Amino acid sequence: MTFDVVVIGSGPGGYVAAIRAAQLGMKVACVDKRKELGGTCLNIGCIPSKALLHTTELYWKMVHEAEQYGLKTGPCSYAFPEIMTRKQKIVTSFNEGIAALFKKNKITFFPGTAKLISPTKVQVAGEQIEAKNIILATGSEPSSLPFLPFDEKRIVSSTGALSLPQVPKNLLVIGAGVIGVELGSVYSRLGSKVQFVEFLDRICPTLDASISQELQKILTQQGMSFRLSSKVTGADLSPQEIVLRVGDEQLRGDVVLVAIGRKPYTQNLGLENVGINAKGAIAVDNRFRTSVPNIYAIGDLIDGPMLAHKASEEGIAVAEIIAGQNPAVNYLAIPNVIYTYPEVAAVGLTEAEAQNFGLKVNAGMFPFKINSRAKCTGEEAGFVKIVSDSVTDRILGVHILGAHASELIAEGVLAIQNGLTTLQLAHTPHAHPTLSEALKEAALGVHHRAIHR
């Protein structure tokens, strides 16, 4: 069987690349080690975690915030098995949705582990597939600690944390990055005592410092605790508990979540058979070509943020490149979101990053506590910060901590993608009362012209 394109991996990079290639008239196959389509993001990542985050946020609000709205809820409780069942139903519905899209676009799906035999041959379950072009989109896997290997029961990665049979009494989280604070939030809301150990001096260190500091303050108020600039040097496991050694301290828990990052997943892919270096991220040129011209790589396999939507943009681009087009991905316009309560969203450069590039910058900030819609909804925590070039007024970065930040950031993405200035954003009408008015006010704030501050 010969195909114009064989995509290895059906995650948000792979399945999108496959669909776009099919739209462009190519004969396409997709291979995935799982029989369920969607990759890590859908099956054991983005989607199940957001389902749990939403459910537990509702529960948290019922317990802690209902009375401020004049609502009398009585004693609140939850059924953890039903929470997990709902999560899985959502995942399954999207598995079926992608399968339907493959059928619609006449994409052949091969479940099984793919191995490169040559630059034009892929082996799957004993069968060889011929490919004019190959797209590698196998994603990433959690990084582990040598003295604390995953068993996905008591020492868990994000995968195990999404499938725990019960809520732990004491959850220890190693790493206070995006995955750590999201999953820590899930179990904290359900009653776990959650303690973080973070090697760096602040949580979510890629965020603008002002956002990171305020987020830590809010999460601490919600009951989580953080040990920063700290390192886990060892662990002792007994049937009753797990003890982490952190400096002179001993932290005790019944489950440990190791969330120290992810690494490209290339296991058993056969890169050595075609001469591609399998150590670390796969090197590609500006058209996603590896050292083998007809083999491409995208998503978590290559440098850049390990984000589903970044992989999807690359998937579309690489399919169009194979078709002879000349697309480009604007990495400055790739947003990052943290689904805590409140949410965090950012796009572009932080103030410090812009300054490190030698740019002279201005910044405008507007707090949600004086935004009319936030007052009405009782979601007053956080602020919007906009960073701009002081010479050209071009928007360099938009940073949001607050309710629905994940939705609000799209305006910032649009601004950066199209090279807009803060005055162009400020002069754009925004409906009243809406949270989005905070972006308009922050843009005005760059010029010391905010109306309500």
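Going by my numbering, the residue at position 36 of the sequence shown is 17; the numbering climbs one at a time, nothing skipped. Backbone N, C-alpha and C define an ideal beta-carbon position, used for all residues, glycine too. No experiment lies behind these values; they were computed from the predicted model shown.
Rounded separation between residue i and residue j - CA only
i	j	result
A396	H290	18 Å
Y59	T66	13 Å
T94	G161	29 Å
L330	E392	15 Å
E334	P100	40 Å
L181	V137	21 Å
R15	G(-10)	9 Å
E179	V325	19 Å
L18	P(-7)	10 Å
S191	V103	48 Å
T119	T36	30 Å
P127	R375	46 Å
Y(-4)	E388	24 Å
W41	Y168	11 Å
K8	T(-17)	8 Å
Q248	L425	51 Å
N76	C27	13 Å
L437	V159	A query on residue 437 cannot be resolved here, the shown segment of the chain reaching from -18 to 434 and no further.
V372	L401	13 Å
I303	R243	29 Å
P316	I279	17 Å
Cβ distance (whole Å) where residue i is taken to contact residue j below 8 Å
i	j	result
P308	A362	That belief does not hold up - the Cβ atoms of P308 and A362 are roughly 39 Å apart, past 8 Å.
K134	N151	K134 to N151, Cβ: 15 Å. No contact.
I367	G345	5 Å
T321	E163	6 Å
N114	V(-14)	5 Å
G141	M205	20 Å between Cβ atoms; not a contact.
L129	A240	Not really, about 12 Å apart at Cβ, beyond 8 Å.
A262	L282	7 Å
V310	I390	Going by Cβ atoms, the distance from V310 to I390 rounds to 17 Å, so no, they are not a contact pair.
F90	F83	6 Å
I223	F207	At roughly 19 Å, the Cβ-Cβ gap does not stay under 8 Å, so I223 and F207 are not in contact.
L188	A327	6 Å
I98	G251	7 Å
D370	L340	6 Å
Buried versus exposed, by CB contacts within 10 Å (16 or more), residue i
i	result
M287	buried
N68	The displayed chain sequence assigns Lys, not Asn, to residue 68. Result: buried.
F364	buried
E46	exposed
E295	buried
R430	exposed
L313	exposed
C357	exposed
Y50	exposed
K260	exposed
P348	buried
L52	exposed
N267	exposed
C22	buried
Q197	buried
L171	buried
Extent of the continuous beta strand (DSSP E) to which residue i belongs
i	result
Q176	K174 to V178
M346	V342 to P348
A304	Per DSSP, A304 belongs to no beta strand (DSSP E) and is neither H nor E.
E111	E108 to L117
C57	Run containing C57: none; DSSP gives neither H nor E here.
T436	Outside the shown range of the chain (-18 to 434) lies residue 436, about which nothing can therefore be said.
S99	A95 to S99
K366	F364 to D370
T(-17)	T(-17) to I(-11)
G165	No beta strand (DSSP E) holds G165; the alpha helix (DSSP H) holding it covers V159 to R170.
G141	Note, G141: premise wrong, no beta strand (DSSP E); alpha helix (DSSP H) at S139 to A142.
G329	E324 to G329
G(-5)	No beta strand (DSSP E) contains G(-5), which is instead part of the alpha helix (DSSP H) from G(-5) to Q4.
Unbroken alpha helix (DSSP H) run spanning residue i, endpoints
i	result
I79	F61 to K85
E230	Taken as a continuous stretch (DSSP letters only), E230 belongs to no alpha helix (DSSP H), being part of the beta strand (DSSP E) at E230 to G234.
L196	A190 to Q202
C27	C27 to H45
K244	Premise fails: K244 lies in the beta strand (DSSP E), R243 to P245, not in any alpha helix (DSSP H).
T415	No alpha helix (DSSP H) holds T415; DSSP gives it neither H nor E.
K356	S353 to T358
V103	V103 -> not in any alpha helix (DSSP H); beta strand (DSSP E) instead, spanning K102 to V105.
L404	T403 to A407
V394	A386 to Q398
Distance cut-off 6 Å: residue i Cβ against heavy atoms of the ligand FAD
i	result
G228	In terms of ligand content, the structure shown is empty, and the ligand FAD therefore cannot be addressed.
Any chain D beta carbon closer than 7 Å to residue i
i	result
G107	Absent from the structure is chain D; it holds one protein chain and no more.
| Between the region 1 to 9 and the region 223 to 231, do three or more beta carbon pairs fall short of 8 Å? | no
| query | Using 8 Å as the threshold, is the region 367 to 384 in touch with the region 393 to 411, meaning 3 or more CB pairs across them? | reply | yes
| request: Report yes or no: do three or more beta-carbon pairs, one from the region 23 to 41 and one from the region 69 to 88, lie closer than 8 Å? | output: yes
| task | For the region 142 to 156 and the region 230 to 249, state whether three or more C-beta atom pairs, one from each stretch, are separated by less than 8 Å. | result | yes
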